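Here the protein sequences line up with chains V and Y, keeping their order. Heads up: the first sequence is residues 1 to 193, going by the numbering used here. Heads up: the second sequence is residues 1001 to 1193, going by the numbering used here. Where is the CB? At the ideal position from N, CA and C, for every residue including glycine. Nothing here was measured: the structure is a model prediction, and the numbers come from that model. Presented below is the structure to which this report refers.
There are 2 protein chains.
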Amino acid sequence: MSTAQQVPARTRLLQAADHILFEDGIRATPVDEILRRARASPATLYSHFGSKDALTAEALRIRFADWRSSWDEQVISANNDTERLLAVFDALAAYREDRQHPSRWCAFLAAATELMPEAGEIRDVLDADTALLRTRLVHLSRPLAADRAQDLAEGVLLAYDGTLTAFLRGHPRSPIEAGRRLALAAVQAYTQS
Amino acid sequence: MSTAQQVPARTRLLQAADHILFEDGIRATPVDEILRRARASPATLYSHFGSKDALTAEALRIRFADWRSSWDEQVISANNDTERLLAVFDALAAYREDRQHPSRWCAFLAAATELMPEAGEIRDVLDADTALLRTRLVHLSRPLAADRAQDLAEGVLLAYDGTLTAFLRGHPRSPIEAGRRLALAAVQAYTQS
DNA sequence: GTCTATAAGCGGATAGAC
DNA sequence: GTCTATCCGCTTATAGAC
């Protein structure tokens, strides 16, 4: 059937971790479950990564890169300033459609609340995510609300975070659409008059 | 100095649990830390509550009742329809000022993501919180946007959840003010025109 | 009788040895 | 890859203080 390693163990571990940790809970998921899914042994995991935390951090870094690309694409294919700003919601929809990265709500925020890292590589990914959102939303807000771009960006970020949290809460039923509508209201408030 | 129990052990345990669990993390906090802070013994905790989960659930129920009262007060003291709808943000500010219930972001949402309860008394508190928010926001939206009250309420809920999540993310700096502004934008979008 | 202090059982999870 | 050591967290048991 398959020789030694069609897919290297390191990759299998990362995929398994990504799949389980952010869907079932980081602390709730024992290493054994990741090992079983990856069909790998503890030795392999610990020689490649050193710890469950380090594996988690690497999985988060991959997510971050993929999420950024997904957002890139949606911004590029948007065709006016408002759509470019709201593209973050389309990116979220596309990212969640993609069954490669399932998650209950948001891997980065889940790591923040479950692990509460004050420093270290996990904290770094969270900060990178926040920094990306902040700078990019401000940048995309500028054409719409020059001097109030900061405020508009903050509004869109809150709408985005509210959308993610809605998945956790289970309400409203269509979080992304609701979030997009809310962000659009912010655009209107900061552009007209 | 102090006789037997100035404050009963059961109360001390609940206060300690409330103080630590939602500030430092539910799963991250060992029972021993609650016991130390409450200056209680394991036997006392387990005779009163039966488990860490049951203690957590009771602490959440108390939070829920206090949060609801806080919101009640702010709605009552508001003096027009818009202020009544946005009172949820004033309630949040007041609740967080009150040092009695410290929390990193939101006790209910933290329980949701850390414990992922599919059923049971913890799930019930989370659902009660969501139901309270949903029904009350719809009710308060009706005077402002009769037929679109549902949509407006959804927007305010997302702004509220975004505000809570902003505490977790550490951005923006003043989440409550930003959330209030965003909710106001939703009000404007659903009332004018 | 209620509570505290101490300690031990027990399962589970991480980590490392072979 | 199997197996094992170690640790940690929840829970229960014991003994004693007020």
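* Report buried or exposed for V:D18, applying the criterion of at least 16 other Cβ atoms within 10 angstroms of its Cβ. => V:D18 comes out buried.
* Asked: Taking Cβ positions only, does V:Q74 come closer than 8 Å to chain Y?
  -> Chain Y contact via Cβ: absent.
* **V:A159 vs Y:L1182 beta-carbon contact at 8 Å** => Taking the C-beta atoms as reference points, Y:L1182 is found nearer than 8 Å to V:A159.
* If you measure from the beta carbon of V:E97 to each beta carbon in chain Y, is any gap under 8 Å? -> For V:E97, the answer is no, since every Cβ of chain Y falls outside 8 Å of its Cβ.
* Taking C-beta pairs closer than 9 Å, name the residues in chain V that Y:D1151 reaches, listed in chain order. => Near Y:D1151 (Cβ distances below 9 Å), the residues of chain V are A178, R181.
* Asked: Can we say the segment 1113-1124 of chain Y touches the segment 1029-1046 of chain Y, given the rule of at least three CB pairs closer than 8 Å?
  -> Touching, no, given that fewer than three Cβ pairs across the two stretches are closer than 8 Å.
* So which of V:D90, V:A145, V:D72, V:T44 has the shortest CA-CA distance to V:P8? -> The alpha carbon of V:P8 has as its nearest neighbour, out of V:D90, V:A145, V:D72, V:T44, the alpha carbon of V:T44.
* Assuming V:W71 and V:A91 form a contact by the criterion Cβ under 8 Å, report the distance between their Cβ atoms to the nearest whole angstrom. => Yes, they are in contact, since the Cβ atoms of V:W71 and V:A91 sit about 4 Å apart, within 8 Å.
* Whole-number beta carbon distance between V:L21 and V:T29, since they are thought to touch under 8 Å -> Contact between V:T29 and V:L21 holds: their C-beta atoms lie close to 5 Å from each other, under 8 Å.
* To do: Measure from the C-beta of V:G25 to each C-beta in chain Y and report whether the shortest distance is under 8 Å.
  => So, interface residue.
* Asked: So, V:A40 versus V:L13, is the Cβ gap smaller than 8 Å?
  -> If you check the CB distance, V:A40 and V:L13 come in under 8 Å.
* Asked: Between Y:S1141 and Y:L1157, which are expected to be in contact by the criterion C-beta below 8 Å, what is the C-beta distance as a whole number of angstroms?
  -> Your pair Y:S1141 and Y:L1157 does not check out as a contact, with CB atoms roughly 10 Å apart and the cut at 8 Å.
* **Cα-Cα separation between Y:M1001 and Y:V1031, rounded to whole angstroms** => Note that Y:M1001 scores 39 on pLDDT, short of 50, meaning its location in the model is unreliable and no value can be drawn from it.
* Find the residues of chain V that neighbour Y:T1130, judging by a C-beta separation of less than 8 Å, and give them in chain order. => Those within 8 Å of Y:T1130 in chain V are R169, G170, H171.
* Asked: Taking the C-alpha atoms as reference points, what is the distance between Y:Y1095 and Y:T1191?
  -> Rounded to whole angstroms, Y:Y1095 to Y:T1191 spans 29 Å at the Cα level.
* Cβ-heavy atom distance between V:Q192 and the ligand NAP below 7 Å? -> Among the components of this structure there are no ligands whatsoever, and the ligand NAP is therefore not found.
* Asked: Who are the Cβ neighbours of Y:V1138 in its own chain at under 7 Å, not counting the five residues just before and after it?
  -> The beta carbon of Y:V1138 lies closer than 7 Å to those of A1149, Q1150, A1153 in the same chain, with the five residues before and after it left out.
* What's the call for V:S103, buried or exposed, on a 16-neighbour Cβ count within 10 Å? -> So V:S103 ends up on the buried side.
* V:H171 by DSSP, collapsed to three states: which one? -> V:H171 falls in the coil class under three-state DSSP.
* Stretch-stretch touch, CB-based, cutoff 8 Å, three pairs: the segment 166-185 of chain V with the segment 1064-1081 of chain Y -> Contact annotation: the segment 166-185 of chain V does not touch the segment 1064-1081 of chain Y, with fewer than three C-beta pairs closer than 8 Å.
* To do: Pull out every residue of the segment 80-91 of chain V whose Cβ sits closer than 7 Å to any Cβ of chain Y, in chain order.
  => So nothing in the stretch comes that close.
* **Contact belief for V:L133 with V:A111 at Cβ below 8 Å, rounded distance in angstroms** => Wrong, their Cβ atoms sit about 15 Å apart, outside the cutoff.
* Continuous alpha helix (DSSP H) stretch holding Y:Q1006: start and end -> Counting along the chain, Y:Q1006 falls outside any alpha helix (DSSP H), and DSSP gives it neither H nor E.
* To do: Under 7 Å Cβ to Cβ from V:T165, same chain only, skipping five residues before and after it: list those, please.
  => Around V:T165: W105.
* To do: Determine, using beta carbons only, whether Y:A1131 and Y:R1063 come nearer to each other than 8 Å.
  => Taking 8 Å as the Cβ cut-off, Y:A1131 and Y:R1063 do not qualify as a contacting pair.
* To do: Below 8 Å on the Cβ atoms is my guess for Y:F1089 versus Y:I1176; work out the distance and round it to an integer in Å.
  => For a cut-off of 8 Å, the C-beta gap from Y:F1089 to Y:I1176 is around 5 Å, short enough to register as a contact.
* Between V:H101 and V:T113, what straight-line distance do the alpha-carbon atoms span, to the nearest angstrom? -> V:H101 and V:T113: Cα-Cα distance of roughly 19 Å.
* Taking the Cβ atom as the reference point for each residue, do V:G155 and Y:A1189 lie within a distance shorter than 8 Å? -> Not a contact, by the Cβ cut-off of 8 Å.
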